[in-house]
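Asker: A single structure is presented below for examination.
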Amino acid sequence: MEKLAILLLLSASIALGDANLTQLLGLEPLLKTKEGSSSVHSLLEYQFMQALTKDANGHLHSTWLGGFDAIKEGTWMWSDGSRFDYTNWDTDEPNNAGEGEDCLHMNAASAKLWFDVPCEWKFASLCSRRIV
Ligand SMILES: [Ca+2]
Ligand SMILES: [Ca+2]
Numbered sequence: 001m002e003k004l005a006i007l008l009l010l011s012a013s014i015a016l017g018d019a020n021l022t023q024l025l026g027l028e029p030l031l032k033t034k035e036g037s038s039s040v041h042s043l044l045e046y047q048f049m050q051a052l053t054k055d056a057n058g059h060l061h062s063t064w065l066g067g068f069d070a071i072k073e074g075t076w077m078w079s080d081g082s083r084f085d086y087t088n089w090d091t092d093e094p095n096n097a098g099e100g101e102d103c104l105h106m107n108a109a110s111a112k113l114w115f116d117v118p119c120e121w122k123f124a125s126l127c128s129r130r131i132v
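At position 101 of the sequence shown (counting the first as 1) the number is 101 in full-length UniProt numbering, and the numbers step up by one without a gap.
Written out as structure tokens, the structure reads:
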């Protein structure tokens, strides 16, 4: 429930485009860096996060989550330190293709599941912050 409240506040500040609200909530730094990128621990959480990334036309945009395996290939972790206890990878992902893929994005391809991709790619980030 706490996480839901956090995401609602973040969603509201972004949706309203209210810089003062974003600053008041202390979310501004999170929107500028990948620190505080969100973790996902259930299908329900993932579906909620997808709703936050949906535009007015119903399109789900590719968005960074806080998952990475840059420390040890194949060992996925969340940047918030929580357990990596849920996955929603697309078929044949993660595959660490090419010269390596160590970051996780959601809403990938047509299935809108997870891909590992190069961390240099540019997407919006979905962030969360513990308020209490
Ligand atoms: Ca990798
Ligand atoms: Ca991949």
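Built from N, CA and C at the ideal position, the CB exists for glycine as well.
Select from D80, W89, G36 the residue whose C-alpha is nearest the C-alpha of A111.
Answerer: W89
Asker: For F123, verify whether its CB is less than 7 Å away from any heavy atom of ligand 2.
Answerer: Within 7 Å of the C-beta of F123 there is not a single heavy atom belonging to ligand 2.
Asker: If you follow the beta strand (DSSP E) that F68 is part of, which residue opens it and which one closes it?
Answerer: In this chain, the beta strand (DSSP E) harbouring F68 covers 63–68.
Asker: For S42, collect the residues of the same chain with a Cβ closer than 8 Å to its Cβ; drop the 5 residues on either side in sequence, then sort them by chain order.
Answerer: Here the set comprises Y86.
Asker: Below 8 Å CB to CB, which residues in the same chain sit around S79 once its five sequence neighbours on both sides are set aside?
Answerer: Contacts found: K34, E35, G36, S37, S39, G66, G67, F68.
Asker: Looking at ligand 1, does it come within less than 7 Å of D102, judged from the CB to the closest heavy atom?
Answerer: yes
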